[in-house]
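Q: Numbers given in my numbering equal positions in the sequence shown, counted from 1, plus 91.
All C-beta atoms in this analysis are idealised placements derived from N, C-alpha and C, irrespective of residue type, glycine included.
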Amino acid sequence: MPSVLWILFDGGGDRPAGGKTPFHAAFKPTIDYLTANGSCGILDPIAPGVRPGSDTAHLALFGYDPFKYYTGRGAFEALGADVALKPGDVAFRTNLATVDENGVVIDRRAGRYIAPEEAKAVEDLMKKIGEELGRKYGVEVVYKSTVEHRGVLVLRGAVSHRVSDTDPHKVGAKIARAEPLENSKEAALTAEVVNELSRRFTEAAAGLEINKARRLQGRLPINAILLRGGGYMPQIEPIRERYNIRAAAIAGVALIRGVARAVGMDIYTAKGLGGTKDDVFDEAVKLAVELMSRYDVVFLHVKGTDSTSHDGDFNEKVSVIERLDKALAPYLDALLKNYVVVTSDHATPVGVREHTGEPVPVMLYGPDVVVDDVAKFSELTCWRGALGRIRGIDIIPILGSYLGLSEKFGE
Ligand code: ZN
Ligand code: ZN
Numbered sequence: 092m093p094s095v096l097w098i099l100f101d102g103g104g105d106r107p108a109g110g111k112t113p114f115h116a117a118f119k120p121t122i123d124y125l126t127a128n129g130s131c132g133i134l135d136p137i138a139p140g141v142r143p144g145s146d147t148a149h150l151a152l153f154g155y156d157p158f159k160y161y162t163g164r165g166a167f168e169a170l171g172a173d174v175a176l177k178p179g180d181v182a183f184r185t186n187l188a189t190v191d192e193n194g195v196v197i198d199r200r201a202g203r204y205i206a207p208e209e210a211k212a213v214e215d216l217m218k219k220i221g222e223e224l225g226r227k228y229g230v231e232v233v234y235k236s237t238v239e240h241r242g243v244l245v246l247r248g249a250v251s252h253r254v255s256d257t258d259p260h261k262v263g264a265k266i267a268r269a270e271p272l273e274n275s276k277e278a279a280l281t282a283e284v285v286n287e288l289s290r291r292f293t294e295a296a297a298g299l300e301i302n303k304a305r306r307l308q309g310r311l312p313i314n315a316i317l318l319r320g321g322g323y324m325p326q327i328e329p330i331r332e333r334y335n336i337r338a339a340a341i342a343g344v345a346l347i348r349g350v351a352r353a354v355g356m357d358i359y360t361a362k363g364l365g366g367t368k369d370d371v372f373d374e375a376v377k378l379a380v381e382l383m384s385r386y387d388v389v390f391l392h393v394k395g396t397d398s399t400s401h402d403g404d405f406n407e408k409v410s411v412i413e414r415l416d417k418a419l420a421p422y423l424d425a426l427l428k429n430y431v432v433v434t435s436d437h438a439t440p441v442g443v444r445e446h447t448g449e450p451v452p453v454m455l456y457g458p459d460v461v462v463d464d465v466a467k468f469s470e471l472t473c474w475r476g477a478l479g480r481i482r483g484i485d486i487i488p489i490l491g492s493y494l495g496l497s498e499k500f501g502e
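(1) Spatial neighbours of G403 within its chain, please: C-beta separation below 8 Å, excluding the five flanking residues on both sides.
(2) Examine chain B for any beta-carbon lying closer than 9 Å to the beta-carbon of I358, and answer yes or no.
(3) Measure from the alpha carbon of G154 to the alpha carbon of each residue in A425, R319 and R482, then state which is nearest.
(4) Comparing the CB of P143 with every heavy atom of ligand 1, is any distance shorter than 8 Å?
(5) Examine the Cβ distances between the segment 372-383 and the segment 202-216 and report whether three or more of them are shorter than 8 Å.
(6) Could you check how far apart the C-beta atoms of R331 and G171 are, in whole angstroms? I think they sit under 8 Å.
(7) With distance defined between alpha-carbon atoms, name the residue in A282, I266 and K265 nearest to L272.
(8) Does the pairing of the segment 455-463 with the segment 101-115 give three or more beta-carbon distances under 8 Å?
(9) In or out: H504 buried (at least 16 other Cβ within 10 Å) or exposed?
(10) Taking the alpha helix (DSSP H) that K377 belongs to, which residues open and close that run?
(11) Helix, strand or coil, according to DSSP, for V181 in the structure here?
(12) Evaluate the contact criterion for the segment 470-485 versus the segment 136-154: three or more CB pairs, one atom per stretch, below 8 Å.
(13) Can the beta-carbon of V393 be found less than 9 Å from the beta-carbon of F167?
(14) For a quick check, are the C-beta atoms of I98 and L346 less than 9 Å apart?
(15) How is L125 classed by DSSP in three states: helix, strand or coil?
(16) Assuming D436 and H149 are in contact, meaning their beta carbons sit under 8 Å apart, how far apart are those beta carbons, in whole angstroms?
(17) Please state the DSSP three-state secondary structure of F390.
(18) DSSP on A295, reduced to helix/strand/coil?
(19) What is the DSSP secondary structure of M217, counted as helix, strand or coil?
(20) Of all the alpha helix (DSSP H) runs that stay within the bounds of the segment 262-339, which reach a length of 4 or more residues?
(21) CB-CB under 8 Å to R164, same chain, minus the five flanking residues each way: which ones, in chain order?
(22) Use the C-beta contact count for S492: other C-beta atoms within 10 angstroms, 16 or more gives buried, fewer gives exposed.
(23) Should H260 be labelled buried (16 or more other beta-carbon atoms within 10 Å of its own) or exposed?
(24) Based on Cα-Cα distance, which residue from L244, G248, A127 and I336 lies nearest to R226?
(25) Which residues share a DSSP beta bridge with D357?
(26) V254 by DSSP, collapsed to three states: which one?
(27) What are the boundary residues of the alpha helix (DSSP H) that I137 is part of?
(28) Spatial neighbours of L311 within its chain, please: C-beta separation below 8 Å, excluding the five flanking residues on both sides.
(29) Excluding sequence positions up to five away, which residues of its chain have a Cβ less than 7 Å from the Cβ of H401?
(30) Could you check which residue in G194, V371 and S497 has the C-alpha nearest to that of T293?
(31) Does the Cβ of S504 have 16 or more other Cβ atoms within 10 Å, making it buried, or fewer, making it exposed?
(32) If you check the beta carbons only, do L423 and T237 fall under 9 Å apart?
(33) Are Y228 and K218 closer than 9 Å when you measure CB to CB?
(34) For G167, which three-state DSSP category applies?
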């Protein structure tokens with residue numbers, strides 16, 4: 092049984108500058124060989140003109156309408172950080188920060204570098220505060236530190252994600268009070284819990300040993316926790332049940348891992364895949380090809396094309412594409428017996444440095460796929476291909492049909 096390798100260049104799509112795009116300029120003989128022997132098209136990740144976030148775009152690409160299933164970034168981020176969420180749990184993204192004696196934020200990242208033992212001390216303190224709040228409000232509190240100053244906070248109980256951020260999103264402003272964004276008991280309770288947690292954290296942080304040590308080293312203390320992006324864990328029918336597809340995702344970025352996990356994909360990581368522009372793809376591609384014997388669809392997420400786009404760096408974006416292609420080359424023979432999809436989750440033009448709403452190129456190679464006359468994977472060529480113009484949410488059903496896994500609609 093053939094299976095699918097799906098390569099996704101995050102923010103890979105671009106606008107032609109000087110007649111070229113990074114996909115067009117990149118030397119990528121393996122992807123272009125598959126392109127020359129497959130079908131091409133253009134893809135609206137969500138819908139024409141919609142500027143997607145990576146989270147909403149990935150939901151759509153995995154076959155789930157983001158207008159129905161997107162419930163705020165926090166829940167997906169928490170899933171990506173390996174916090175086991177239950178439907179209804181509310182999750183926030185958090186920053187450890189530094190405030191002055193008046194509660195005014197002087198660094199939203201507490202100097203950014205947080206040592207492992209410091210993260211542990213913060214987790215211990217949050218556990219203690221969480222237990223106290225749990226007894227008082229009947230709400231379970233789980234905090235997990237992730238990368239550097241970042242973390243996730245999960246509330247479980249009669250809570251709502253409809254509360255405002257405590258993160259003022261700028262320095263020189265006070266920690267904001269969480270306010271309920273809807274008239275419900277749950278939102279009122281959540282705001283109260285969040286505000287008390289925030290206050291207690293700052294009070295208790297003054298006495299933390301790690302902060303005494305940080306002061307001696309001339310570093311900023313960790314004395315505030317800023318919450319943003321509250322979301323709740325939606326009820327999602329797993330991809331295996333909904334589409335009869337066994338799917339795996341290889342990704343270094345927590346948010347993408349979270350979205351993949353939310354739809355029931357098995358999550359893998361590979362050496363060299365940290366979700367940065369310097370990622371090395373050899374191990375990730377090797378793992379992907381191995382997993383193809385066990386899964387119907389193996390999704391490989393490449394973050395570097397988006398990071399370099401936000402930096403406005405055309406050449407670096409080209410380099411990420413070329414490095415992925417090079418890692419793919421040894422497996423070309425194996426891939427030729429299977430299906431390969433290449434696309435992006437949105438355009439992030441290097442000239443704009445933000446996500447934009449135009450379609451991105453998409454390529455589908457496979458034994459049963461029509462070979463059109465597009466021979467190069469790029470924005471400038473793929474629109475002429477046999478796939479035409481499709482939406483992100485169409486990909487999984489198209490693959491399900493080629494793999495013989497989809498159910499007939501009607502008699
Ligand atoms: Zn993205
Ligand atoms: Zn981006």
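A: From the atom records:
(1) Correct list, in chain order: V441, G442 and R444.
(2) Here chain B cannot be found, since the structure has a single protein chain.
(3) The residue with the shortest Cα to Cα distance from G154 is R482.
(4) For P143, the shortest C-beta to heavy atom distance toward ligand 1 is below 8 Å.
(5) Three or more Cβ pairs closer than 8 Å define a contact, and the segment 372-383 falls short of that threshold against the segment 202-216.
(6) Actually they do not touch by this definition, with Cβ atoms about 20 Å apart.
(7) If we check each option's Cα against that of L272, A282 comes out closest.
(8) Contact between the segment 455-463 and the segment 101-115 is not established, with fewer than three Cβ pairs separated by less than 8 Å.
(9) Any question about residue 504 goes unanswered here, given that the chain covers just 92 to 502.
(10) For K377, the enclosing alpha helix (DSSP H) covers residues D373 to L382.
(11) It is a strand residue.
(12) Yes, the segment 470-485 touches the segment 136-154.
(13) Cβ distance not < 9 Å, so V393 and F167 don't count as in contact.
(14) Cβ atoms of I98 and L346: not closer than 9 Å.
(15) In this structure, L125 counts as helix in the three-state DSSP scheme.
(16) D436 to H149, Cβ: 6 Å. Contact.
(17) Under the three-state reduction of DSSP, F390 is assigned to strand.
(18) It is helical.
(19) M217 falls in the helix class under three-state DSSP.
(20) The segment 262-339 is shown to contain whole alpha helix (DSSP H) runs of 4 or more residues at 276-296, 300-307 and 330-334, in chain order.
(21) Cβ neighbours of R164 beyond the five flanking positions: G144, D146, R184, G320, G322 and L346.
(22) Counting Cβ neighbours within 10 Å, S492 comes out exposed, since fewer than 16 surround it.
(23) An exposed status is given to H260, since fewer than 16 other beta-carbon atoms sit within 10 Å of its beta-carbon.
(24) Cα-wise, what sits closest to R226 is G248.
(25) According to DSSP, D357 bridges with A339.
(26) Of the three classes helix, strand and coil, the one that applies to V254 here is strand, per DSSP.
(27) Neither: I137 is in no alpha helix (DSSP H) and is coded neither H nor E.
(28) Cβ neighbours of L311 within its own chain (closer than 8 Å, five residues either side excluded): T189, I197, D198, A201, G202 and R305.
(29) Apart from sequence neighbours up to five positions away, the residues of its chain that approach H401 with a beta-carbon distance below 7 Å are T439 and R444, ordered along the chain.
(30) Taking the Cα of T293 as reference, the smallest distance to any Cα among G194, V371 and S497 is reached at G194.
(31) Nothing about residue 504 can be read from this structure; the chain reaches only from 92 to 502.
(32) For L423 and T237, no; Cβs fall outside 9 Å.
(33) In terms of Cβ geometry, Y228 and K218 do not form a close pair [threshold 9 Å].
(34) Inspection of the sequence shows that residue 167 is occupied by Phe rather than by Gly. F167 falls in the helix class under three-state DSSP.
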